[in-house]
Amino acid sequence: MTTVRQRRVGKGTEAAEDQPSEETNVKPDGRILPDPPGRRLWNILSITVGGIVAISLGLLTSVYVATLHENDLWFSNIKEVEREISFRTECGLYYSYYKQMIQAASIQQGLHGLVYDNKTESVRTINILERMNVYQEVFLSILYRILPIQQYLEPVYFYIYTLFGLQAVYVIALYVTSWLLSGTWLSGLLAACWYITNRVDTTRVEFTIPLRENWALPFFAVQIAAITYLLRTHLQPAQERLTLMAVFIATFLFSLTWQFNQFMMLIQALALFILDCLDMLPTAKVTWLYIIQISGLLLVCVLQFFNSMILGSLLISFNVSVLIARAIQKNLKKGSLLNRLGKLILHVLLVLCLTLLINKFIKKILNLESDEHIFKFLKAKFGFGATRDFDANLYLCEEAFGLLPLNTFSRLSSTLLFYVYGFILFLLTVAAVIVAFRNLSGSNQVQFKEKKEEYTVTLKPDAAYSLVHTVLFGCLALSTMRMKYLWTSHMCVFASFGLCSAEVWKLILKCLHLYTSQRTQVIKYSIPIITLLYISFKFWPGIMDELSELREFYDPDTVELMNWIKSNTPNTAVFAGSMQLLAGVKLCTGRTLTNHPHYEDKNLRERTKQIYQIYAKRSPSDVYGILRSFGTDYVILEDSICYERRHSRGCRLRDLLDIANGHIMDGLGENEPDLKPSVYPRFCEEIKKNLPSYTTHFTRVFQNKTFHVYKLAKHK
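Residue numbers (our numbering): 77 to 792.
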């Protein structure tokens, strides 16, 4: 095994010193007056300094994660096969298509090999560009081929440096979002520092480089920054059009690079829907965002050869339903409080029913079953009945898809991030409830004008969106640990914005009857600076120690296996085994696979379950028949799966197979009453005894401490 190292619709706000308020110098007719020369000069200077700091922090983050990756694996010194093995599981599968494009005789042949691929799934020809989100690998490979850099930079370095470079984009986008929300670039600096010091919980790019989320999340952060700017009031038409274009481009790139984009944008659409219903966002801008989400996803659908999973996504059904429901209920935002609440309840029910009907209709027409495993998993996860479904249990038993561990909060608290986040979240949630009630009641607007100035000043549309965004993605992260990176990065933005916001401190001081403009400005800068100093003194030595710690990639058993496959099997050989290992086999050897880790296809899921019978209690003739039906020439058995101890009883792969097959599980413990003993022993254990019933079909051709490779006999 591998060894490596240890915010409401506010009508007014105070001007920030670093940046003019979006309401400053606005005439009653909506026209914006020019700033005085001195103020304009100060703004230019502030933006210049803030921009330089943003770019510097982005580049430093990129160098930081690249250095960690090098120090962790000694990547520059290890062999090519070891570098490729370090791209574990699905990471290796995605990188293999980049390698395939690089090694193709021409770009055209490379693309043809992806569109008509018969090596990823044996006895099947599939379209990789339709099935997987690998356009980024295609683009990078073409760029590498046409740029004059082949003599100076190896393909693998061009690839990983691009990913590390995207981390710079990510950090800059977080910085800009926080700056836009608070009005001071000091907030962006604090957000970036929190992102870096909480690296364990904000990113995993240094050890899962080709993972789809590492491509997608920087574009998602850019999209959020653009939406934050779009939601400002008094934008000029040209500014609004350019911002909408930026939102569309970022949405498109995010959708193109990650297969789970539709689920993330559905949560984003829910945030927009909630705020629109509560009259906390401009309806026209929300409509544009719905349309951008739909159009971006449909464009990706076209590029992915009309991928049915995209067409049947809940996001498209939901957004279309919202637009239809709004057209039907035109007077949704008029009337008394009770009247509006009644309309809202009907509106929500109408949208929900339309979404389910449209989605059901689309899936029926397209005969879509690609994403059914996700809904089975969600149904079982949230307690809507136990399941024996193999695919659902495979997800349920993985730690990454479990609840967010409690120690995450202790780590986030050590940098003060979680404490600040919790305080700002509570404060703005209270403000949002007050604003929502007043918006829905629609009464006493004149009578409470001055009071409204006190309570709504900290909840402008961009702040309101950020609040609901962080709440919804927080719920996602709490329920599914793998999705925490969507939440923790925005947590840095949200907490730093609140700590550096004049509006937030104004509200706090007014509640304490201590408000003065000068006191607000002093606190707005002093508290963040003190926080930055604390973070620097506490975590700088640890970061330096981390950067000086040197380790080396070490996985001799896998290296031996890959070298044996390349030297002793024909190029056309078909290999069966675990999804994770076979991704490495494809990358390192180019051999044909029976199955792989990209699980968003029903036929592949059924195929994987059948291949995994090598770890179940089945007869040798049954297993042989299954493997040969997929054209298998060699099967790789792993002791780490056959004798697994990582998971508890009931979650080991062999247990999941036993339950799915109706067999009693191994070991002490309870079994469901209808499970029965198998008449056959476990295949992966029994085959090692070289009994005649096994040697008739299987011949061992390779063995080390971890892997056993058997060649299948070719009976007539």
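Ideal placement from N, C-alpha and C gives every residue a C-beta, glycine not left out. Treat the numbers as computed from the prediction; the structure is a model and nothing was measured.
**Item:** Candidates E748, P696 and V785: closest to L767 by CA position
**Value:** Residue numbering aside, residue 767 sits at position 691 when the sequence shown is read from its first letter. It is P696.
**Message:** Using 8 angstroms as the cut-off, can you tell me whether the stretch 222–242 makes contact with the stretch 252–260, which would need three or more C-beta pairs spanning the two stretches below that distance?
**Reply:** no
**Rounded distance between the beta-carbons of I248 and A130, thought under 8 angstroms** = Translated into positions along the sequence shown, residue 130 becomes position 54. Translated into positions along the sequence shown, residue 248 becomes position 172. Contact holds; Cβ gap of about 5 angstroms.
**Request:** Tell me K752's beta-bridge partners as DSSP assigns them.
**Result:** By 1-based counting over the sequence shown, the position of residue 752 is 676. DSSP, once it has assigned bridges, lists H739 as partnering K752.
**Message:** For T327 and Q380, which I take to be in contact (beta-carbon distance under 8 angstroms), what is that distance rounded to the nearest angstrom?
**Reply:** Here residue 327 refers to the residue found at position 251 when the sequence shown is read from its first residue. Here residue 380 refers to the residue found at position 304 when the sequence shown is read from its first residue. Rounded, the Cβ-Cβ distance is 15 angstroms, inconsistent with contact.
**Item:** Three-pair Cβ contact test at 8 angstroms for the stretch 390–410 versus the stretch 342–349
**Value:** yes
**Asked** At what residue ranges does the stretch 464–511 contain a whole run of the alpha helix (DSSP H), taking only runs of 4 or more?
**Response** 466–472 and 483–490
**Request:** Use the C-beta contact count for F502: other C-beta atoms within 10 angstroms, 16 or more gives buried, fewer gives exposed.
**Result:** On the sequence shown, position 426 is the one that residue 502 refers to. Classification for F502: exposed.
**Prompt:** Under a Cβ-count criterion, where at least 16 other Cβ atoms within 10 Å of its own Cβ denotes burial, should Q315 be classed as buried or exposed?
**Reply:** Along the sequence shown, read from residue 1 onward, the residue named residue 315 stands at position 239. Counting Cβ neighbours within 10 Å, Q315 comes out exposed, since fewer than 16 surround it.
**Request:** Kindly identify the DSSP beta-bridge partner or partners of L788.
**Result:** As a working note, residue 788 is residue 712 in the sequence shown. Paired residue(s): F774.
**Request:** Could you tell me which residues DSSP puts in a beta bridge with A652?
**Result:** Here residue 652 refers to the residue found at position 576 when the sequence shown is read from its first residue. The partner list for A652 (beta bridge, DSSP) reads V711.
**Asked** When burial is assigned at 16 or more other CB atoms within 10 Å of the CB, is P753 buried or exposed?
**Response** Here residue 753 refers to the residue found at position 677 of the sequence shown. Per the 10 Å Cβ criterion, exposed.
**Request:** Would you check if the stretch 488–495 and the stretch 383–392 touch, i.e. whether three or more CB-CB distances between them fall below 8 angstroms?
**Result:** no
**Request:** Mark A571 as exposed unless 16 or more other C-beta atoms lie within 10 angstroms of its C-beta, in which case mark it buried.
**Result:** Taking the sequence shown and counting its residues from 1, one reaches residue 571 at position 495. By the 10 Å Cβ count, A571 comes out buried.
**Prompt:** Three-state secondary structure (DSSP) at D148?
**Reply:** In the sequence shown, the residue the question calls residue 148 occupies position 72. D148: helix per DSSP, three-state reduction.
**Asked** Can you find at least 3 beta carbon pairs, one from the stretch 660–676 and one from the stretch 715–722, that sit closer than 8 angstroms?
**Response** no
**Prompt:** Where does I154 sit, in a helix, a strand or coil, going by DSSP?
**Reply:** Reading the sequence shown from its first residue, position 78 is the one you call residue 154. Three-state result, I154: coil.
**Message:** Let's see if you can read the secondary structure: which residues bound the alpha helix (DSSP H) around W291?
**Reply:** Here residue 291 refers to the residue found at position 215 of the sequence shown. It spans R288 to L306 - the alpha helix (DSSP H) in which W291 sits, taken as one unbroken run.
**Asked** Is I202 helix, strand or coil when you go by DSSP?
**Response** Here the question's residue 202 lines up with position 126 in the sequence shown. Reduced to three states, the DSSP call for I202 is strand.
**Item:** Helix, strand or coil at E529 [DSSP, three-state]
**Value:** The residue given as residue 529 occupies position 453 in the sequence shown. Below a pLDDT of 50, predicted positions are generally treated as unreliable, and E529, at 44, falls in that range; no measurement from the model is reported.
**Asked** Taking the continuous alpha helix (DSSP H) assigned at G264, which residues delimit it?
**Response** Counting from one through the sequence shown, the residue named residue 264 turns up at place 188. It spans W261 to T273 - the alpha helix (DSSP H) in which G264 sits, taken as one unbroken run.
**Request:** May I have the straight-line CA-CA distance separating W581 from L535, to the nearest angstrom?
**Result:** The residue labelled residue 581 in the question sits at position 505 within the sequence shown. The residue labelled residue 535 in the question sits at position 459 within the sequence shown. Roughly 12 angstroms between the two C-alpha positions.
**Prompt:** If we cut at 8 angstroms on Cβ distances, does I619 have a partner in chain B?
**Reply:** Of the protein chains in this structure there is only one, and it is not chain B.
**For Q344, the three-state DSSP class (helix, strand or coil)** = For the purposes of this step, residue 344 is identified with residue 268 of the sequence shown, where counting begins at 1. Reduced to three states, the DSSP call for Q344 is helix.
**Message:** For the structure I just gave you, are there three or more beta carbon pairs, one from the stretch 266–277 and one from the stretch 587–598, closer than 8 angstroms?
**Reply:** no
**Request:** Could you tell me which residues DSSP pairs with T668 in its beta bridges?
**Result:** Residue 668 sits at position 592 when you count from the first residue of the sequence shown. In the DSSP output, where bridge partners are listed per residue, T668 has V650.
**Prompt:** What residues in its chain sit with their C-beta under 6 angstroms from that of F234, if we drop five residues either side in the sequence?
**Reply:** Residue mapping note: residue 234 aligns to position 158 of the sequence shown, counting from 1. Y220, listed in sequence order.
**Prompt:** Considering A326, what are the terminal residues of the alpha helix (DSSP H) in which it resides?
**Reply:** For this step, residue 326 is matched to residue 250 along the sequence shown. Where A326 is concerned, the enclosing alpha helix (DSSP H) stretches over P313 to T333.
**Prompt:** Three or more C-beta pairs closer than 8 angstroms, one from the stretch 284–300 and one from the stretch 236–246: is that the case here?
**Reply:** yes
**Request:** Count the other C-beta atoms from every protein chain shown that fall within 10 angstroms of the C-beta of R722, then say buried if there are 16 or more, exposed otherwise.
**Result:** Taking the sequence shown and counting its residues from 1, the one referred to as residue 722 is at position 646. Classification for R722: exposed.
**Item:** Pairwise C-alpha distance: F336 and L788
**Value:** Locating residue 788 in the sequence shown gives position 712, where the first residue counts as 1. Locating residue 336 in the sequence shown gives position 260, where the first residue counts as 1. Whole-angstrom Cα-Cα distance: 37 angstroms.
**Member of S198, N747 and I603 whose CA lies at the smallest distance from the CA of F727** = In the sequence shown, counting from the first residue as 1, residue 727 sits at position 651. A quick correction: the sequence has Cys, not Phe, at residue 727. It is N747.
**Asked** Using DSSP with H/G/I as helix, E/B as strand and the rest coil, what is Q779?
**Response** By one-based count along the sequence shown, residue 779 stands at place 703. Here Q779 sits in strand by DSSP.
**Item:** Spatially closest choice to F706 from N483, F651, I619 and R758, by CA coordinates
**Value:** Start at 1 with the first residue of the sequence shown, and residue 706 comes out as number 630. That would be F651, whose Cα lies nearest to the Cα of F706.
**Request:** Could you tell me which residues DSSP pairs with D58 in its beta bridges?
**Result:** With the chain covering 77 to 792 only, the question about residue 58 has no answer from this structure.
**Request:** Could you check which residue in E682, G574 and M567 has the C-alpha nearest to that of F466?
**Result:** For the purposes of this step, residue 466 is identified with residue 390 of the sequence shown, where counting begins at 1. Measuring from the Cα of F466, the nearest candidate turns out to be E682.
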